[in-house]
Amino acid sequence: MQTLRAQRPLVLASLLVVAGATWRLAPAARVQAQGPVVRHRMTRLTNTIYRADNPGTAGLNSTSWVFVNDDDVLVTDSEGSLDAARSLLAGIATITDKPVRYLVDTHFHIDHAYGNAALPSTVQIIGSDFTHRMLVSTEAREGVTFKNFGVDPYPARLDNIRKQLAAETDPGRKQALEQQLAQQTASYEFYRSDFPLKAPNLSVKEEMSIWSGAKEFRIMYLGRAHTAGDVVVYVPSEKVVANGDILFKATVGWQGDAFPNEHPDTIEALRKIDAELLLPGHGDPIQGRGEIDRVIGNMQNYLREEWRQVSAAKQAGLTPEDALAKADFTRFRDFYGNGATPSLAAVRRIYNIIDNKVIR
Ligand SMILES: [Zn+2]
């Protein structure tokens, strides 16, 4: 208490100094100094839908889908950090003057929901009950997904950049590596800090519609899949579904929080939605009924085969490591390339589901 009171005049004093310094800047420089950098690439997909990608931050960027309505904007997913969310908002401001009114967290993962806290309070954040529960629990900072993407890869990644930097002689490439090192160091520091998280302030149990003028957005929970609480955003008037990470065009995706045993039924429910265009949480859209059915069919076959092989290995007493070594997914190479082989995290996940050691 004492320290707080003693610090207040100091804080005020430094604010005045900052204000004074800002005053002396030319107007253009002031805007530049305050406005966030746009790193997002905004790509127009239809008259009302834009794709927003942020290729800058390794492993922590997702694809957001921006729906520009008559009076406002709805966006899916807020990226992996406050800085990335600010870049997303700045990217949206380059395509429309309309305010972002809704942001839907398709699920709680770091690359989809950890930018929530950067959103202004005028943005309604929508997600499942499970997403809410995860973002307010220790899971958000200690769970397998946060560790796998926000903590574990950094020491080796930084080391690798430093080694490349030491060996590099070309000034241009050296500068690029220095920038990369600074960016990755800043990300690592951010994730190690007590960074703010913000859970959805409107949560969906099964289904909920929100309306922007005459346009309906149906937020639907279709069952457990990539996590226990994925939601999709269905726009019936446009026959479009933003489907988060429950389905990708040509990859299986991270399965550290997945339910491969329930996932096939969930994407069967997705198949039944009257849509012609699916917008995944990473990468390219899935377009047309033929392609939607094919991609869903591939994924269902893969998930059933994965469950079959891994649960059989567990039953036979194999460790997850041995189960992985024995696994054979070569017949899925045509669809998923080298990503056809599950990660060790996916195998462990299946073991944990069978042992009932997962959060539902
Ligand atoms: Zn995810």
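Under the working numbering, the first residue of the sequence shown is numbered -10, with each subsequent residue one higher.
The beta carbon of each residue, even a glycine, is placed where N, CA and C say it ideally should be.
DSSP-derived helix/strand/coil call for residue i
i      : result
Ser300 : helix
Ala239 : coil
Gln244 : coil
Ile114 : strand
Ala82  : helix
Val20  : Unreliable positioning characterises Val20 in this predicted model, as indicated by a pLDDT of 38, which lies under 50. A coordinate reading is not provided.
Glu195 : coil
Glu131 : helix
Gly104 : coil
Leu63  : strand
Leu147 : helix
Phe119 : helix
Thr32  : strand
Gly202 : coil
Val140 : helix
Asp94  : coil
Asp42  : strand
Phe184 : coil
Ala371 : No statement about residue 371 is possible, as the shown extent of the chain runs from -10 to 349 and does not include it.
Phe321 : helix
Val26  : coil
Asn341 : helix
Arg162 : helix
Ala231 : strand
Arg349 : coil
Val55  : strand
Val125 : coil
Ser176 : helix
When the options are compared against residue i, the one with the closest alpha-carbon
i      : options                           : result
Arg207 : Ala316, Leu186, Ala231 and Arg213 : Ala231
Asn290 : Leu236, Thr83, Lys261 and Pro109  : Leu236
Ile350 : Asp246, Val133 and Ile285         : The requested residue 350 does not occur in the structure, where the chain is confined to residues -10 to 349.
Pro185 : Tyr340, Ala145 and Asn105         : Asn105
His96  : Arg213, Asn327 and Gly326         : Arg213
Ser300 : Tyr340, Ala175 and Glu280         : Tyr340
Ala258 : Trp296, Gln244 and Asp219         : Asp219
Ala203 : Lys346, Asp59 and Leu49           : Asp59
Ala314 : Asp323, Arg320 and Ala302         : Ala302
Asn190 : Glu157, Met123, Gly116 and Glu251 : Gly116
Asn43  : Tyr223, Arg75, Pro88 and Leu63    : Arg75
His29  : Leu49, Gly69, Ala73 and Asn36     : Ala73
Ser182 : Asn137, Asp159, Arg130 and Gly306 : Arg130
Asp344 : Gln153, Arg283, Gln304 and Lys136 : Gln304
Lys346 : Thr319, Ala247, Gln164 and Asp159 : Ala247
Glu295 : Glu205, Ser110, Leu333 and Thr127 : Leu333
Arg320 : Asp311, Thr111, Met288 and Lys152 : Met288
Asn137 : Asp148, Thr111, His98 and Phe318  : His98
Gly69  : Lys152, Asp94, Val55 and Glu280   : Asp94
Val55  : Lys152, Met123 and Lys87          : Lys87
Nonlocal neighbours in the same chain, by C-beta distance under 8 Å from residue i, ignoring five residues either side
i      : result
Pro274 : Leu34, Arg40, Lys238, Leu266, Leu267 and Leu268
Lys163 : Leu154 and Glu157
Leu307 : Lys315
Arg278 : Glu265
Nonlocal neighbours in the same chain, by C-beta distance under 7 Å from residue i, ignoring five residues either side
i      : result
Arg293 : Pro253
Thr83  : Val27 and Met31
Ile150 : Leu166, Gln169, Leu170 and Gln173
Arg337 : Pro309
Gly242 : His215 and Asp234
Gln298 : Ala316
Glu195 : Tyr210
Ala282 : Correcting the residue identity first, residue 282 is Asp in this sequence and not Ala. So the list reads Arg260, once near-sequence residues are dropped.
Asn36  : none
Residue j beta carbon less than 9 Å from that of residue i
i      : j      : result
Pro249 : Ala335 : yes
Thr85  : Val57  : yes
His121 : Ser192 : yes
Val140 : Tyr180 : yes
Gln113 : Arg146 : no
Tyr325 : Thr240 : yes
Ser226 : Asp61  : no
Leu108 : Lys187 : yes
Ala264 : Tyr223 : yes
Ile81  : Val229 : no
Leu63  : Leu92  : yes
Pro331 : Gln244 : yes
Chain-order list of residues whose beta-carbon lies under 6 Å from that of residue i (same chain, five-residue window excluded)
i      : result
Ser51  : Asp66, Asp100, His101, Gly270 and His271
Met197 : Ile208
Tyr143 : Tyr177
Ala217 : Phe119 and Arg349
Gln276 : Leu266
Arg322 : Ala329
Ala312 : Val299, Ala302 and Val336
Minimum Cβ-Cβ distance from residue i to chain B less than 9 Å
i      : result
Asn327 : Reference to chain B is not applicable here, since this structure consists of a single protein chain.
- Item | Sequence ranges, beta strand (DSSP E) only - wholly within the stretch 251 to 313, length at least 3 | As far as the stretch 251 to 313 is concerned, its whole beta strand (DSSP E) runs of at least 3 residues are 266 to 269.
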